[in-house]
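Quick note: the sequence shown uses the working numbering, first residue -6, plus one each step. Heads up, the beta-carbon is just placed ideally off N, CA and C, and yes, glycines get one too.
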Amino acid sequence: MNVFFAGTPEIAVKSLEKIAEKFNICGVLTNPDKPQGRNNKIIFSPVKKAALSLSLPLYQPEIIDKDFISIIKSLKPDILVTFAYGKIFKEEFLSIFSKETLNIHPSLLPKYRGPSPIPAAILAGDSETGITIQKMALKMDRGDIVKQVNFPLTGKENVDSLSEDVAAKSALLITEILADIISDNYSSIPQDHSLASYCSLIKKEDGLIDWNEKSEQIERKFRAYKNWPGIFTYWKGKLIVITECQLVSENSIKNINIADIAPGTVAFVDKNQGNYIKTKDSFLAVTKIKPQSKNEMNFKSFLNGSKDFLGSILENDLLKNC
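Structural data, given as structure tokens:
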């Protein structure tokens, strides 16, 4: 049984490696190399690195055209497995595979169709999430469900830790499904499209803090956007990225009349928890920041060089600072 794998980011690597342990992979498809950073250095995708280390045939076409489809047909692939490849396949490509076309999606479909289901679950404060193995469809994440697993969330996960957990669980799940398919011991059920919800690509401006939001929502954004774009605000027209923060306990602010403090105010300093910044309903304790054009520093170091930060009001409006 020949498996053809398509994926790009780190989250897909464990699935590729696990499949390679148990099945024959006739080819790996990943996105073309792209220059990154100030020096435009060419960086290989994590899936490409893994494929090279496993000595697997690798393909990186700019477009999936008839010539590329002919190449893949010659491999005689039986099953397609995709995990965060980043593009929707057309029917001409999907028809190559004689047995099945599968997609690994890190949510409990039809919830969170789209490209950012892991941050979406964190942002929503969900008590559980999961993984869906679905049949490929011509429209995004609408395929029949072959299998789902769900697992609880603690409310402490960030996008890195949850992605690592999903990657490990997905690798085990997809190999189980492939074994079932080979033995013709599997089935699928249609999704209930009326229950579908969607998540979109994360944009840079999504990380801008609105201090009129509740503390819990801002802290969720911090965990959901840890890698990119982070969460940030402005002070005196300059960018400040918050690199470490936490919610504060009710006991620590029980003697404070928070109604008299404007959202965004750097209200006071706790020697252990950092700068307390007023939100809609409470405070966010900020312990580490990265000021514009400077290295990350703890709150004490920043206050030592910026005495007037305490008592100031941070800016919400991105347009003022563009």
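{"Item": "Would you list, in sequence order, the uninterrupted alpha helix (DSSP H) runs of no fewer than 4 residues that lie entirely inside the region 144 to 192?", "Value": "152 to 175"}
{"Item": "Counting along the chain, where does the beta strand (DSSP E) carrying Ala278 start and finish?", "Value": "Phe276 to Pro284"}
{"Item": "Where does Pro28 sit, in a helix, a strand or coil, going by DSSP?", "Value": "strand"}
{"Item": "Please report the straight-line C-alpha distance between Gln184 and Pro50, rounded to a whole angstrom.", "Value": "34 Å"}
{"Item": "Which one or two residues does DSSP pair with Ala114 in a beta bridge?", "Value": "Beta-bridge pairing links Ala114 to no other residue."}
{"Item": "Got a sec? Which residues, its chain only, sit under 6 Å from Ser46 by beta carbon, not counting five neighbours each side?", "Value": "none"}
{"Item": "Per DSSP, what kind of secondary structure is Cys315 in: helix, strand or coil?", "Value": "Here the model assigns Cys315 a pLDDT of 42, short of 50, so the residue's position is not dependable and the matter cannot be decided."}
{"Item": "In this structure, what does DSSP give as the bridge partners for Lys231?", "Value": "Trp228"}
{"Item": "From the DSSP output, in three-state form, read off Val241 for me.", "Value": "coil"}
{"Item": "By Cβ distance, which residues of its chain are closer than 8 Å to Ser193, with the 5 residues on each side in sequence left out?", "Value": "Gly107, Pro108 and Ser109"}
{"Item": "I need the straight-line Cα distance from Asn314 to Leu201, nearest angstrom please.", "Value": "The pLDDT assigned to Asn314 is 46, lower than 50, so where the model puts this residue is not dependable, and the model offers no usable value."}
{"Item": "So, at 7 Å on beta carbons, what are the nonlocal neighbours of Glu121 in its own chain, with the 5 sequence-adjacent residues on each side left out?", "Value": "Asn143, Phe144, Pro145 and Leu146"}
{"Item": "My understanding is that Pro174 touches Ile233, with C-beta atoms under 8 Å, so please give their C-beta distance in whole angstroms.", "Value": "The identity of residue 174 in the sequence shown is Ile, whereas the question assumes Pro. Wrong, their Cβ atoms sit about 51 Å apart, outside the cutoff."}
{"Item": "Looking only at C-alpha atoms, which of Leu155, Gln210 and Pro112 sits nearest to Trp221?", "Value": "Pro112"}
{"Item": "Can you tell me which of Gly123, Thr280, Thr258 and Ile224 puts its alpha carbon nearest to the alpha carbon of Cys238?", "Value": "Thr280"}
{"Item": "Ignore the nearest five residues each way along the sequence and tell me which others in Glu84's own chain have a CB closer than 7 Å to its CB.", "Value": "Leu131"}
{"Item": "Near Lys162, which residues of its chain fall below 8 Å by C-beta distance, leaving aside the five closest residues on each side in sequence?", "Value": "Ile124, Val142 and Phe144"}
{"Item": "Specify the secondary structure class of Phe215 as computed by DSSP and reduced to three states.", "Value": "helix"}
{"Item": "Can you tell me which of the three DSSP states Gly304 falls into?", "Value": "coil"}
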